[in-house]
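Student: Listed in order, the protein sequences are those of chains Y and F. Every letter in the first sequence is one number past the one before it in the working numbering, and letter 115, counting from 1, is 115. Every letter in the second sequence is one number past the one before it in the working numbering, and letter 121, counting from 1, is 121. Every residue, glycine too, gets a C-beta built ideally from N, C-alpha and C.
2 protein chains.
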Amino acid sequence: MVKEIMANSLPTGPKGIRFLFGEFVHYDYFFGYIGTLLHAESGIQHIHIMENEFWGKMLFINNCLQFTERDEFIYHEALVHIPVQASPKGKIKKVLICGGGDFGASRELLKYPEIEEVIIVDIDPDVPKLIKKYFPSLLPENPKDPRLKLITADAYEMVKKFTREKKNFDLIIIDTTDPDVSVEGGKTQELSHALFAEEFHRMLLEMSPEGIVVQQCGTPFTMKDILKGTYQIFKKVYPENEIYCYRADVPSFGGDNAYLMRFPFEDPKTPKWEELENTLYYNHEVHRASFGLPKFWKEVLE
Amino acid sequence: MVKEIMANSLPTGPKGIRFLFGEFVHYDYFFGYIGTLLHAESGIQHIHIMENEFWGKMLFINNCLQFTERDEFIYHEALVHIPVQASPKGKIKKVLICGGGDFGASRELLKYPEIEEVIIVDIDPDVPKLIKKYFPSLLPENPKDPRLKLITADAYEMVKKFTREKKNFDLIIIDTTDPDVSVEGGKTQELSHALFAEEFHRMLLEMSPEGIVVQQCGTPFTMKDILKGTYQIFKKVYPENEIYCYRADVPSFGGDNAYLMRFPFEDPKTPKWEELENTLYYNHEVHRASFGLPKFWKEVLE
Numbered sequence: 001m002v003k004e005i006m007a008n009s010l011p012t013g014p015k016g017i018r019f020l021f022g023e024f025v026h027y028d029y030f031f032g033y034i035g036t037l038l039h040a041e042s043g044i045q046h047i048h049i050m051e052n053e054f055w056g057k058m059l060f061i062n063n064c065l066q067f068t069e070r071d072e073f074i075y076h077e078a079l080v081h082i083p084v085q086a087s088p089k090g091k092i093k094k095v096l097i098c099g100g101g102d103f104g105a106s107r108e109l110l111k112y113p114e115i116e117e118v119i120i121v122d123i124d125p126d127v128p129k130l131i132k133k134y135f136p137s138l139l140p141e142n143p144k145d146p147r148l149k150l151i152t153a154d155a156y157e158m159v160k161k162f163t164r165e166k167k168n169f170d171l172i173i174i175d176t177t178d179p180d181v182s183v184e185g186g187k188t189q190e191l192s193h194a195l196f197a198e199e200f201h202r203m204l205l206e207m208s209p210e211g212i213v214v215q216q217c218g219t220p221f222t223m224k225d226i227l228k229g230t231y232q233i234f235k236k237v238y239p240e241n242e243i244y245c246y247r248a249d250v251p252s253f254g255g256d257n258a259y260l261m262r263f264p265f266e267d268p269k270t271p272k273w274e275e276l277e278n279t280l281y282y283n284h285e286v287h288r289a290s291f292g293l294p295k296f297w298k299e300v301l302e
Numbered sequence: 001m002v003k004e005i006m007a008n009s010l011p012t013g014p015k016g017i018r019f020l021f022g023e024f025v026h027y028d029y030f031f032g033y034i035g036t037l038l039h040a041e042s043g044i045q046h047i048h049i050m051e052n053e054f055w056g057k058m059l060f061i062n063n064c065l066q067f068t069e070r071d072e073f074i075y076h077e078a079l080v081h082i083p084v085q086a087s088p089k090g091k092i093k094k095v096l097i098c099g100g101g102d103f104g105a106s107r108e109l110l111k112y113p114e115i116e117e118v119i120i121v122d123i124d125p126d127v128p129k130l131i132k133k134y135f136p137s138l139l140p141e142n143p144k145d146p147r148l149k150l151i152t153a154d155a156y157e158m159v160k161k162f163t164r165e166k167k168n169f170d171l172i173i174i175d176t177t178d179p180d181v182s183v184e185g186g187k188t189q190e191l192s193h194a195l196f197a198e199e200f201h202r203m204l205l206e207m208s209p210e211g212i213v214v215q216q217c218g219t220p221f222t223m224k225d226i227l228k229g230t231y232q233i234f235k236k237v238y239p240e241n242e243i244y245c246y247r248a249d250v251p252s253f254g255g256d257n258a259y260l261m262r263f264p265f266e267d268p269k270t271p272k273w274e275e276l277e278n279t280l281y282y283n284h285e286v287h288r289a290s291f292g293l294p295k296f297w298k299e300v301l302e
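#1: Please state if the CB of Val80 (chain Y) and the CB of Leu109 (chain Y) are separated by a distance shorter than 7 Å.
#2: State yes or no: is the C-beta of Pro220 (chain Y) within less than 7 Å of the C-beta of Ala248 (chain Y)?
#3: Strictly below 9 Å CB to CB, what residues from chain Y border Ile34 (chain F)?
#4: Where does the unbroken alpha helix (DSSP H) through Arg247 (chain F) begin, and where does it stop?
#5: If you scan the region 107-174 of chain F from start to end, which runs of the beta strand (DSSP E) of 3 or more residues do you find wholly inside it?
#6: Quick one: residues in its chain with C-beta nearer than 6 Å to the C-beta of Lys167 (chain Y), no 5 flanking neighbours on either side, listed in chain order?
#7: Who are Glu41 (chain F)'s beta bridge partners in DSSP?
#8: Residues in the same chain with beta-carbon distance under 7 Å from Pro125 (chain Y), minus the five sequence neighbours each way, listed in chain order, please.
#9: In this structure, how does DSSP classify Arg262 (chain Y) when only helix, strand and coil are distinguished?
#10: For Lys295 (chain Y), which residues in chain F fall below 8 Å Cβ to Cβ?
#11: In chain Y, what lies closer than 9 Å to Thr222 (chain F) by C-beta?
#12: Answer yes or no: do Pro83 (chain Y) and Gly101 (chain Y) have a C-beta to C-beta separation smaller than 7 Å?
#13: Who does Thr303 (chain Y) pair with in a DSSP beta bridge?
#14: Can you check which of these residues, F:Gly104, F:Ile233, F:Ile131, is closest to Ile49 (chain F) by C-alpha distance?
#15: Determine which residues of the region 140-173 of chain F have a Cβ less than 8 Å from any Cβ of chain Y, and write them out in chain order.
#16: Under 8 Å Cβ-Cβ, which residues of chain Y neighbour Ala289 (chain F)?
#17: With 16 other CB atoms within 10 Å as the buried threshold, where does Asp225 (chain F) fall?
#18: Using the C-alpha atoms, what's the distance from Gly22 (chain Y) back to Thr177 (chain Y)?
#19: Where does the unbroken beta strand (DSSP E) through Ile82 (chain Y) begin, and where does it stop?
#20: Which residues of chain F have a Cβ atom closer than 7 Å to the Cβ of Gly255 (chain Y), listed in chain order?
#21: If you draw a straight line from the alpha carbon of Glu302 (chain F) to that of Lys228 (chain F), how long is it in whole angstroms?
#22: Which first and last residues belong to the beta strand (DSSP E) in which Thr68 (chain F) is found?
#23: Check distances from the C-beta atoms of the region 12-26 of chain Y to those of chain F and list, in chain order, the residues that come in under 8 Å.
#24: Taking just the CA atoms, how far does Gln66 (chain Y) sit from Phe135 (chain Y)?
#25: Where does Phe265 (chain Y) land, buried or exposed, given buried means 16+ other C-beta within 10 angstroms?
#26: Beta carbon of Val213 (chain Y), beta carbon of Tyr75 (chain Y): below 7 Å?
#27: Can you tell me whether Asp225 (chain F) is helix, strand or coil according to DSSP?
#28: In terms of residue numbering, what span does the alpha helix (DSSP H) encompassing Leu191 (chain F) cover?
#29: Please return the same chain residues whose Cβ sits closer than 8 Å to the Cβ of Glu69 (chain F), not counting the five positions on each side in sequence.
#30: Decide yes or no for the touch test of the region 197-214 of chain F against the region 103-119 of chain F: beta carbon pairs closer than 8 Å, at least 3 of them.
#31: If you reduce the DSSP assignment to three classes, tell me which class Gly104 (chain Y) lands in.
#32: Sort out for me which residues DSSP pairs Asn257 (chain Y) with in a bridge.
#33: Helix or strand or just coil, what does DSSP make of Ser182 (chain F)?
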C-alpha cells in the first residue's frame, strides 16, 4: 500500500482546489505539501505542476519533484557556473544540454556574452511548452536569443548524430531526472537512464575529446547509489585525475545535490572568469567551497 | 486549523503502533513521517521520541525536530570540530556547552585528549535522562569520562555565576533549540530565547574575553530571521572582524544549517589540529569549505 502511495502521490484533478500531496523520499519519510494543481498531463512522461505558497510553482515528472520556483536558481547556477567559471577564461563557446528542456541551464549559460551557441536536446516536447506557460522565470533573459536552439529528440541518438557530423562542444551538461527512481514496483525505467550509461559517456568523449562534461547525480544522502554508480562509469570512461565531484544545497531536494564533472584542464576549484552581477547563488566563494566534500561522501567516491 | 496542526502534529499515544506525523516548515509545507511513538513527556519542554526506519530514532522538543540518529553526526561534528580545529593547536582546554543536554557536542569534544574540561549546562533534566535510555550513540565514548560535568540549570543564570566566580572558558558552544519558533498562536517563547540575546553574549564576553563562541542559528533558507537577528546581536557585542558564519548540510533539517562564531584568533578557515580518525562528517577539506557562503546568504549577513 505504501508503494501505491509512492507511485500515486499527486492528484490529477480537479484543478484549483487545495490538495494535500507529497513526495516520498523513503517509504516512511516524505515531503508533504498543501497546494493546488495547475496542470496534469501524461505524454511520454507524467507531468504535474502544483502551486504552493512556500515553494511557488513546482514541476513534478513521474511523481518526482524536478524543481520549485523558489530554489531552482541554486540547482541551475551550480550546474552551469561552476564548469564555465572553472574553465580557462573564454574557453566555453559551444554548449550542449542533454535534457534541460526547462530552460533553466540555458538561462544561466546565456548570461555570458562569450558563449556563442547553446543547444538543448530534450526528449519531451511537453516540458518546454509548459515552462513557457507556467514558469517564465526559467526562460533566458531574451527568450528569442539567437544563440539558443531547442531540439526535441532523444539526446542519446542526437549525440550519435552530432558525432557523425563531427560536431564538437566545449561543455556538455547532462540535466535530467534522476535515473531509475521509479523502477520499483514494475515501473519502466526513467527516460534519463541511458544518459547515465557508460556507452553514452563513451560517445560524448568521442564527440568532444576535450569537452567538459557535467552531470547532475541526485542527492547522495538519500540516493547514494546514483552518485556511486555514475562515478564508477566516469572512472571507466574518463581519466581518473579529470573527475571531480561538487555539491550545492538545494533545500527542496532535501539537502546537498551532487554533480560529477569530467574536467580536462587545470584546477577547477579556482574560478577564472569574472563574477556575474545577475546571479543569486553563485559567487567565487561558493565555487571554491563546492568542491569541499564531507568525509562520508568520500566513501561513496571510492 | 493549519496552525492547530502545526502546534499538535505529534501523537502522544498509544505507543508502539504506526502513526503518520509531521513537522511543518511552513503552513503549507511539512516533513512527513510514518513511525512509532516511543516516548511523550511534558516537563519544562514537550519531548517526543519517535522512531522511523529512514531516520532511526528522532527527538522532538516542543514539536520541533532536534536531531535524528541518522544525521545528528553532521550537526554535532560541524558545531564542535570547526571551532576547535580553527583555534591555535592545543588552545582549547576548557569548554562550556550552553544547552547540549543531548551529549552530542560533548561526545565530539571528548575525542580530543587536549581538552581538559567540558561542562554542559542544560535547563531540562529530562533530555539527558532520555538520551541515556534511547540514544546511547550520542553519549561520549566513555560516558563516565571524568572531564565531563553535567549541570541542570538555566545557562543564563549559570554564566552569571561563572562570571562572578571568575571562571574562564576557551570555547563556549550554544547548542539549543531554535528561538521563538513556537511563538505564533499565543505559545510561550522557547526556553532558548534568552541565549540568543545581546545581554547573554555581553555576559559571555565578560566571562571569557578571549573565548571562542559558537552558536547554532537554524536553517536560513526556511528561517532566515534567526541568522539575521543573531548576526545583528553578534555585531553589537563582538568586534565585526571576529565574526564568522559557516554552514553544514543537515538533511533532516532540510538543508544547510548556519553557525555563527566569534573567533578572536587568526584565520579560522584553516584547520590547525590533526584530523581525527573517528569522525564521519568532519575532515579538513569540509572545514575549509564550510566558510564558503552562497550569494543569497551574504545578503542575510549585512
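Tutor: Once the coordinates are examined:
#1: The residue given as residue 109 (chain Y) occupies position 109 in the first sequence. The residue given as residue 80 (chain Y) occupies position 80 in the first sequence. Cβ atoms of Leu109 (chain Y) and Val80 (chain Y): closer than 7 Å.
#2: Taking the first sequence and counting its residues from 1, the one referred to as residue 220 (chain Y) is at position 220. Taking the first sequence and counting its residues from 1, the one referred to as residue 248 (chain Y) is at position 248. Not a contact, by the Cβ cut-off of 7 Å.
#3: Stepping through the second sequence from its first residue, residue 34 (chain F) is reached at position 34. Simply Val2, Tyr27, Asp28, Tyr29, Phe30.
#4: Taking the first residue of the second sequence as position 1, residue 247 (chain F) is located at position 247. Taken as a continuous stretch (DSSP letters only), Arg247 (chain F) belongs to no alpha helix (DSSP H), being part of the beta strand (DSSP E) at 243-250.
#5: The beta strand (DSSP E) runs lying completely inside the region 107-174 of chain F and spanning 3 residues or more are 117-122, 148-152, given in chain order.
#6: Taking the first residue of the first sequence as 1, we reach residue 167 (chain Y) at position 167. Apart from sequence neighbours up to five positions away, no residue of its chain approaches Lys167 (chain Y) with a beta-carbon distance below 6 Å.
#7: By 1-based counting over the second sequence, the position of residue 41 (chain F) is 41. In the DSSP secondary-structure assignment, Glu41 (chain F) is bridged to F:Ile47.
#8: Taking the first residue of the first sequence as 1, we reach residue 125 (chain Y) at position 125. The beta carbon of Pro125 (chain Y) sits closer than 7 Å to the beta carbons of Thr152 from its chain, once the five residues preceding and following it are set aside; these are given in chain order.
#9: For the purposes of this step, residue 262 (chain Y) is taken as residue 262 along the first sequence, with counting starting at 1. Looking at Arg262 (chain Y) - three-state DSSP - the assignment turns out to be strand.
#10: Start at 1 with the first residue of the first sequence, and residue 295 (chain Y) comes out as number 295. Result: Thr279, Leu280, Tyr281, Tyr282, Asn283, Val286.
#11: In the second sequence, the residue the question calls residue 222 (chain F) occupies position 222. Those within 9 Å of Thr222 (chain F) in chain Y are Phe54, Pro251.
#12: As a working mapping, residue 83 (chain Y) is identified with position 83 in the first sequence. As a working mapping, residue 101 (chain Y) is identified with position 101 in the first sequence. Not closer than 7 Å, so no.
#13: In the structure as shown, chain Y starts at 1 and stops at 302, and residue 303 (chain Y) therefore has no counterpart that could be examined.
#14: If you number the second sequence from 1, residue 49 (chain F) lands on position 49. Selection F:Gly104, F:Ile233, F:Ile131 evaluated against Ile49 (chain F) yields F:Ile131 as nearest (Cα-Cα).
#15: Using a CB distance below 8 Å, no part of the region 140-173 of chain F faces chain Y.
#16: What you label residue 289 (chain F) is simply residue 289 of the second sequence in a count that begins at 1. Within chain Y, the residues near Ala289 (chain F) are Arg288, Ala289, Ser290, Phe291, Gly292, Leu293.
#17: Working through the second sequence from its first residue, we reach residue 225 (chain F) at position 225. With fewer than 16 other Cβ atoms within 10 Å, it is exposed.
#18: For the purposes of this step, residue 177 (chain Y) is identified with residue 177 of the first sequence, where counting begins at 1. For the purposes of this step, residue 22 (chain Y) is identified with residue 22 of the first sequence, where counting begins at 1. Distance between the alpha carbons of Thr177 (chain Y) and Gly22 (chain Y): 18 Å.
#19: One-based indexing of the first sequence puts residue 82 (chain Y) at position 82. Element bounds for Ile82 (chain Y): not the beta strand (DSSP E) but the alpha helix (DSSP H), 72-86.
#20: Looking up residue 255 (chain Y) in the first sequence gives position 255. Chain F residues near Gly255 (chain Y): Asp249, Pro251, Gly255.
#21: Within the second sequence, the letter at position 302 stands for residue 302 (chain F). Within the second sequence, the letter at position 228 stands for residue 228 (chain F). Whole-angstrom Cα-Cα distance: 8 Å.
#22: If you number the second sequence from 1, residue 68 (chain F) lands on position 68. Segment 64-68, the beta strand (DSSP E) holding Thr68 (chain F).
#23: Legend: CB atoms of the region 12-26 of chain Y lying less than 8 Å from CB atoms of chain F belong to residues Gly22, Val25, His26.
#24: On the first sequence, position 135 is the one that residue 135 (chain Y) refers to. On the first sequence, position 66 is the one that residue 66 (chain Y) refers to. Approximately 13 Å between the Cα atoms of the pair.
#25: Counting from 1 along the first sequence, the entry for residue 265 (chain Y) is found at position 265. Exposed, by the Cβ-count rule.
#26: In the first sequence, the residue the question calls residue 213 (chain Y) occupies position 213. In the first sequence, the residue the question calls residue 75 (chain Y) occupies position 75. Contact: no.
#27: Position 225 of the second sequence, counted from the first residue, corresponds to residue 225 (chain F). Taken through DSSP and simplified to helix, strand or coil, Asp225 (chain F) comes out as helix.
#28: Here residue 191 (chain F) is taken as the residue at index 191 of the second sequence, counted from 1. Note, Leu191 (chain F): premise wrong, no alpha helix (DSSP H); not H, not E.
#29: The residue you call residue 69 (chain F) lines up with position 69 of the second sequence. Cβ neighbours of Glu69 (chain F) beyond the five flanking positions: Trp55, Gly56, Lys57, Met58, Phe135, Ser137.
#30: Between the region 197-214 of chain F and the region 103-119 of chain F, the count of C-beta pairs closer than 8 Å stays below three; the two stretches do not touch.
#31: On the first sequence, position 104 is the one that residue 104 (chain Y) refers to. Shown here, Gly104 (chain Y) sits in a helix according to DSSP, grouped into three states.
#32: As a first step, residue 257 (chain Y) is located in the first sequence; it is residue number 257 there, counting from the start. Residue pairing of Asn257 (chain Y) in beta bridges, as defined by DSSP: Y:Ala248.
#33: Numbered from its first residue, the second sequence carries residue 182 (chain F) at position 182. Residue confidence is low: Ser182 (chain F) scores 43 on pLDDT, short of 50, so the model does not pin down where it sits. No coordinate-derived value is stated.
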